[in-house]
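I have placed the structure first, in the form of structure tokens, so that the comments after it can refer back to it.
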Amino acid sequence: MLLGLVQDPRKEVVSFRHLFTTRVALRLDEPQQVDMVLGDGVRQRGAAAHKISESTPGVAWVKQDGQREPDRARAFHVTDADLAVLREYFRPAEVRPFPTRPGGAEGVAA
456 MLLGLVQDPR
466 KEVVSFRHLF
476 TTRVALRLDE
486 PQQVDMVLGD
496 GVRQRGAAAH
506 KISESTPGVA
516 WVKQDGQREP
526 DRARAFHVTD
536 ADLAVLREYF
546 RPAEVRPFPT
556 RPGGAEGVAA
């Protein structure tokens, strides 16, 4: 898998966007940046990445090759209740000491 990440869509890297089959735009500053990242005309088809609120972290617009319409997506949202369930799941786990290396150095990672 190859990832190409860019913080400023005006940089030269974005001209290579056609090499990536899936493009993801998180919150962007300007309407023109949406087309720079996802492709020409995507904003007119609904991908309003420049209108994503700061109060909705993880929201993005996704454009895949061969698919005309962009998809709105959101990364998973972990709540305090989810973390409490996870804590209870792992609570009975056993903590084991780090094994000794063959030179006698205990607890030293390779």
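Numbers in the working numbering are just positions in the sequence shown, counted from 1, shifted up by 455. Quick reminder that beta carbons are idealized off the backbone N, C-alpha and C, glycines included.
**OP:** With DSSP as the reference, label LYS518 as helix, strand or coil.
**Re:** For the purposes of this step, residue 518 is taken as the residue at position 63 of the sequence shown. When secondary structure is reduced to three states using DSSP, LYS518 falls in the strand class.
**OP:** Identify, in the order they occur along the chain, each residue of the same chain with its Cβ nearer than 6 angstroms to the Cβ of PRO464, setting aside the five sequence neighbours on each side.
**Re:** To locate residue 464, count along the sequence shown from 1; it is residue 9. Closer than 6 angstroms at the Cβ level, and outside the excluded window around PRO464, lie GLN488, MET491 and VAL492.
**OP:** Output the distance between the C-alpha atoms of THR476 and ASP537, rounded to the nearest integer angstrom.
**Re:** What you label residue 476 is simply residue 21 of the sequence shown in a count that begins at 1. What you label residue 537 is simply residue 82 of the sequence shown in a count that begins at 1. THR476 and ASP537: Cα-Cα distance of roughly 33 angstroms.
Subject >> Own chain residues within Cβ distance below 6 angstroms of GLY513, not counting five before or after >> reply: Within the sequence shown, residue 513 is the residue found at index 58, counting from 1. Only ARG529 and ALA530 meet the Cβ criterion.
Original post:
Where do the N-terminal and C-terminal ends of the alpha helix (DSSP H) with VAL540 fall, by residue?
Top reply: As a working note, residue 540 is residue 85 in the sequence shown. Segment 535-545, the alpha helix (DSSP H) holding VAL540.
Original post:
Around the C-beta of ALA480, are 16 or more other C-beta atoms found within 10 angstroms, so that it is buried, or is it exposed?
Top reply: As a position in the sequence shown, residue 480 is number 25, starting the count at 1. By the 10 Å Cβ count, ALA480 comes out buried.
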